[in-house]
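Now the structure itself:
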């Protein structure tokens with residue numbers, strides 16, 4: 028296979044045989060930053076362990092002397108131990124460093140091993156679902172993508188904007204050479220393009236124009252489902268992506284410990300207030316304030332402050348309980364109904380650990396305020412139940428629907444409905460492959476202008 032000449036000052040290593048072309052490169056390690064983080068983590072581990080052990084040892088001594096046991100001490104000790112394991116795991120990741128990425132192009136098969144990335148790269152990164160990096164397992168185990176040539180779709184190279192080189196394998200969009208330089212990605216793109224075109228086994232769709240009815244098929248292994256109703260309406264349903272199992276387990280343990288300690292703290296606080304309030308409200312203790320005009324406001328202030336403090340404390344416990352239930356329930360299904368006269372859109376329970384996109388949230392809030400009328404008021408009253416029930420149903424008439432757009436924003440595809448000059452993001456947690464399919468499907472069914 029003839030390939031382009033390697034770019035100058037490239038870290039790409041190429042080896043070839045009669046049957047396979049192998050390209051490899053070392054992921055950036057950021058040694059100086061990694062060393063500073065490692066030293067800080069070791070310092071923090073030493074201080075955290077020493078301080079925690081001192082406190083635990085002192086509490087244990089008091090328990091042996093008095094026999095009194097505080098449940099809050101057990102809660103604090105559990106959080107202290109979990110924090111030690113978390114720091115140790117980060118030290119291991121920083122010590123391991125990065126791995127080597129390998130791209131193997133066989134006659135009719137592609138194999139891509141991204142290699143272990145640097146923890147420095149992953150801190151604060153978000154994936155296509157808008158979630159923080161939440162699969163630490165890829166730092167310890169090999170992850171490899173294997174696909175035959177006729178299963179690869181949408182070889183994409185965007186030199187401007189997010190500068191991503193990617194291919195679609197089933198329902199996954201796989202980015203290749205995430206940490207490579209621009210000219211190295213350009214070389215990989217030319218090589219992959221030539222390899223894919225050798226036997227013309229693949230027809231790639233690089234535009235966003237709608238496909239014809241026979242070729243518009245659901246992506247492989249996709250959660251998208253289509254239901255046709257007798258009235259002619261079409262409902263597209265999908266399951267919101269789950270948080271990773273590791274993070275769900277850790278978060279459930281955290282919320283459980285925190286809620287237990289918070290509940291015990293509220294019990295102790297309530298008992299203390301019930302015991303101390305009569306003494307605080309005893310007017311004899313306020314003898315220097317002889318005038319009733321002074322005693323009565325003090326009495327009311329003490330009572331109101333204690334009630335308000337308990338209300339805030341209880342609210343915190345209720346929110347923690349809702350968060351725990353949401354983690355146990357997991358995510359639910361979202362759907363969009365393409366009707367003859369209107370579009371209905373329902374967002375189910377989203378991933379608990381995902382970070383909301385500020386632009387999505389502001390656009391949805393603006394639409395709720397201006398167009399949903401009484402629904403927007405109901406939405407504001409039930410907002411505290413959204414983690415369990417999902418967001419309220421949106422109804423959009425076809426007369427107010429202007430256009431449907433698929434745009435690239437900050438390295439992520441966004442599917443946008445334009446309703447009376449308002450932008451409504453939909454299917455925010457679907458993969459890029461699924462968003463492209465949904466765009467093509469809705470475009471064909473709604474017959475909208477670009």
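Numbering (the working numbering), first residue to last: 28 to 477.
Backbone N, C-alpha and C fix where the C-beta goes; we use that ideal spot for every residue, glycine too.
All of these numbers come straight from a predicted model, not from anything done at the bench.
Taking only runs that begin and end inside the segment 416 to 461, name each unbroken beta strand (DSSP E) of 3 or more residues, in chain order.
You should have 421 to 424, 428 to 436, 439 to 446 and 449 to 453.
Same chain only: Cβ atoms within 8 Å of residue 229, ignoring 5 sequence neighbours per side:
Because the pLDDT at residue 229 is just 35, under 50, the model does not fix this residue reliably, and the value given afterwards should be weighed accordingly. Only 176, 177, 179, 180 and 223 meet the Cβ criterion.
Taking the alpha-carbon positions, what's the residue 37 to residue 69 distance?
Approximately 35 Å, taken between the alpha carbons.
CB-CB length for residue 362 against residue 460, believed under 8 Å:
Contact flag wrong, Cβ pair sits at about 19 Å.
Which class does residue 110 belong to by DSSP, given the choice of helix, strand or coil?
Looking at residue 110 - three-state DSSP - the assignment turns out to be helix.
Contact belief for residue 421 with residue 372 at Cβ below 8 Å, rounded distance in angstroms
About 4 Å separates the CB atoms of residue 421 and residue 372; that is less than 8 Å, so the two are in contact.
Given residue 281 as reference, the closest of 108, 52 and 428 once Cα atoms are compared
Selected option, being the one with the closest Cα: 108.
Looking at residue 174: is its Cβ nearer than 8 Å to the Cβ of residue 203?
It is not a contact, given that the beta carbons lie outside the stated cut-off.
Cutting at 7 Å between CB atoms, please list the residues of its own chain near residue 105, excluding the five before and the five after it.
When the five nearest sequence neighbours on each side are left out, the beta carbons in the same chain lying within less than 7 Å of the beta carbon of residue 105 are those of 284, in order along the chain.
In terms of alpha-carbon separation, which member of 62, 452, 134 and 469 lies closest to residue 221?
Ranked by Cα distance from residue 221, the first of 62, 452, 134 and 469 is 134.
Delimiting residues of the beta strand (DSSP E) encompassing residue 173
In the DSSP assignment, residue 173 falls within the beta strand (DSSP E) that extends over 172 to 175.
At what residues does the alpha helix (DSSP H) containing residue 46 begin and finish?
Annotation: residue 46 is outside any alpha helix (DSSP H) and is labelled neither H nor E by DSSP.
Starting from residue 216, follow the alpha helix (DSSP H) in both directions and report where the run begins and ends.
Taken as a continuous stretch (DSSP letters only), the alpha helix (DSSP H) holding residue 216 covers 209 to 223.
So the beta strand (DSSP E) residue 361 belongs to, where does it begin and stop?
Membership of residue 361 in the beta strand (DSSP E) is indicated by the continuous run 360 to 365.
Kindly indicate the opening and closing residues of the alpha helix (DSSP H) around residue 92.
58 to 93 is the extent of the alpha helix (DSSP H) around residue 92.
Check whether the Cβ atoms of residue 375 and residue 353 sit closer than 8 Å, and answer yes or no.
Using a Cβ distance threshold of 8 Å, residue 375 and residue 353 do not count as a contacting pair.
Taking the alpha-carbon positions, what's the residue 40 to residue 130 distance?
Pairing residue 40 with residue 130, the inter-Cα distance amounts to about 10 Å.
Beta-bridge partners of residue 265, as assigned by DSSP
Paired residue(s): 361.
If you draw a straight line from the alpha carbon of residue 213 to that of residue 185, how long is it in whole angstroms?
A direct Cα-to-Cα measurement between residue 213 and residue 185 gives close to 9 Å.
Name the DSSP bridge partner or partners of residue 202?
Per DSSP, 193.
8 Å CB neighbourhood of residue 351 in its chain, flanking five on each side removed
Counting only residues of its own chain and dropping the five nearest sequence neighbours on each side, residue 351 has a CB closer than 8 Å to the CB of 279, 282, 283 and 286.
Provide the residue(s) that pair with residue 347 in DSSP beta bridges, ordered along the chain.
The partner list for residue 347 (beta bridge, DSSP) is empty, contrary to what the question assumes.
Nearest residue (CA-CA) to residue 51, options 442, 65, 103 and 126
From the listed residues 442, 65, 103 and 126, the smallest Cα separation to residue 51 is found for 126.
On a Cα-Cα basis, can you pick out the residue from 216, 260, 277 and 115 that is closest to residue 33?
Considering only 216, 260, 277 and 115, the residue with the shortest C-alpha distance to residue 33 is 216.
Excluding the five sequence neighbours on either side, which residues of its own chain have a C-beta within less than 7 Å of the C-beta of residue 453, listed in chain order?
Counting only Cβ-Cβ distances below 7 Å, and skipping sequence neighbours, we find 363, 372, 442 and 444.
Given a cut-off of 8 Å on the beta-carbon distance, is the pair residue 262 and residue 254 in contact?
Yes, Cβ-Cβ distance for residue 262 and residue 254 is below 8 Å.
Taking the Cβ atom as the reference point for each residue, do residue 297 and residue 337 lie within a distance shorter than 8 Å?
The Cβ-Cβ distance between residue 297 and residue 337 falls below 8 Å.
Pair within 8 Å by beta-carbon distance, residue 440 and residue 431:
Cβ distance not < 8 Å, so residue 440 and residue 431 don't count as in contact.
Give the single residue among 67, 84, 110 and 136 whose Cα lies nearest to the Cα of residue 46.
Shortest Cα-Cα distance from residue 46 to any of 67, 84, 110 and 136 involves 136.
Any idea if residue 295 is buried or exposed, counting beta-carbon neighbours within 10 angstroms, 16 or more meaning buried?
The residue in question, residue 295, is exposed, as its Cβ has fewer than 16 Cβ neighbours within 10 Å.
Considering just the uninterrupted stretch of the beta strand (DSSP E) at residue 479, what are its terminal residues?
The first residue shown for the chain is 28 and the last is 477, placing residue 479 beyond what the model contains.
The beta strand (DSSP E) that contains residue 373, what's its start and end?
For residue 373, the enclosing beta strand (DSSP E) covers residues 369 to 373.
Which residue's Cα is closest to the Cα of residue 435: 378, 455 and 369?
When only C-alpha atoms are compared, the closest one is 455.
On the premise that residue 446 lies in contact with residue 428, defined as a C-beta separation below 8 Å, what is that separation, rounded to the nearest angstrom?
Rounded, the Cβ-Cβ distance is 6 Å, consistent with contact.
Assuming residue 377 is part of the beta strand (DSSP E), what are its boundary residues?
From DSSP, residue 377 is part of no beta strand (DSSP E); its letter is neither H nor E.
Can you give me the start and stop residues for the beta strand (DSSP E) that residue 131 sits inside?
Run containing residue 131: 127 to 133, per the beta strand (DSSP E) assignment.
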